[in-house]
Every structure is written in structure tokens, then in C-alpha cells.
Amino acid sequence: AAVDAITNSVIVGYRINDVFHEGTVVYPADGVENECKASITVLLDTGGGKKANLKVPAPVIGIFKDTTGFGADEVDITDADLVTYMDLFKSGQECYISDGEDLNKGMSGKRIHAHSLHG
7 AAVDAITNSV IVGYRINDVF HEGTVVYPAD GVENECKASI TVLLDTGGGK
57 KANLKVPAPV IGIFKDTTGF GADEVDITDA DLVTYMDLFK SGQECYISDG
107 EDLNKGMSGK RIHAHSLHG
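Mapping the sequence shown onto our numbering, position 14 (from 1) lands on 20, and the numbers just tick up by one.
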């Protein structure tokens, strides 16, 4: 549910020590581009200023600072839905980053475009 609130994309699977797949996939509306991503830099709990990067495919416009202009390319790391998603990676929660690290806080984010050969 936390991922659904921040992406227009369809979650067809996720992995938590096992692989789970959605039984019925309903494709998103026309115009949703999985190549468009929100790239979010986060500070880890490990100390030493170590950072990581979270990527959200086909992000909803609501997690950006504005709907048009430069703000439409800058992630609002205080957005409630995005904070709920990032909180999943905090200590004692459901998800870990990389090799078991926890998220301390979101720092910044921007819209990026990833190359795709899928059309």
C-alpha cells in the first residue's frame, strides 16, 4: 500500500526473503512511463554520512514540489505518502537497504529518466 501511494506503475512482484507475484495484473493508464523515476537520496543509520538511493518507477506527481516547471522535477521529501514509504526502511520496520542497513532520513530527490528497450 505504501508503494501504491507514490507510483503510477503496477507492482507485479516484490521480494522479502521469498518472491511474491500479483495474481491479477491490471495495466496502468495510457501515458504512464516506467522509465521515468523519482531518484531519492537518503541518509543511512550507519553513521559516517553514508547515503543510499531509492528509485520509484512512474512516480505520482504528488510526490514532487510542483505540478509544472522546475518543481515538477524536484521530489518533495516531506510528502506524507513518500514519508510513509521511506519509513518502511527505518530501524525495526519491514524493509532494509542493501546489506541490512536502515534509513535515517530522506535528503533530496529528483526526476530521472532511465533508458528502456521495452518501447
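Each residue gets a CB set at the ideal place from its N, CA and C atoms; glycine is no exception.
Since we're looking at a predicted model, the values are computed, not measured.
Give me whichever residues DSSP pairs with residue i in a beta bridge.
i, result
"S114", "T47"
"V62", "A44"
"T13", "P65"
"K57", "L49"
"G29", "Answer is none; G29 lacks a bridge partner."
"H121", "In DSSP, H121 forms no bridge with anything."
Among the options, whose alpha-carbon lies nearest the alpha-carbon of residue i?
i, options, result
"P65", "N59, D79, K56, G98", "D79"
"V48", "D85, F95, H119", "F95"
"A62", "Y33, L109, L88", "One point to set straight first is that residue 62 is Val, not Ala, in the sequence displayed. Of the listed residues, the one whose Cα sits closest to V62 is L88."
"V18", "E28, A11, D93, E39", "E28"
"K57", "I103, Q99, P34", "I103"
"V9", "C101, G77, G37", "C101"
"I12", "S97, I83, G54", "I83"
Can you tell me whether residue i is buried or exposed, with buried defined as 16 or more other CB within 10 angstroms of its CB?
i, result
"N59", "exposed"
"Y91", "buried"
"I118", "exposed"
"D72", "exposed"
"I70", "The amino acid occupying residue 70 in the given sequence is Phe; Ile does not appear at that position. It is buried - the Cβ of F70 has at least 16 other Cβ atoms within 10 Å."
"I67", "exposed"
"S15", "buried"
"D2", "With the chain covering 7 to 125 only, the question about residue 2 has no answer from this structure."
"T30", "exposed"
"V32", "exposed"
I think residue i touches residue j, with their Cβ atoms under 8 Å apart; what is that distance to the nearest whole Å?
i, j, result
"D51", "D108", "4 Å"
field: contact_flag[the region 112 to 123, the region 38 to 47] where n(CB pairs < 8 Å) is 3 or more
entry: yes
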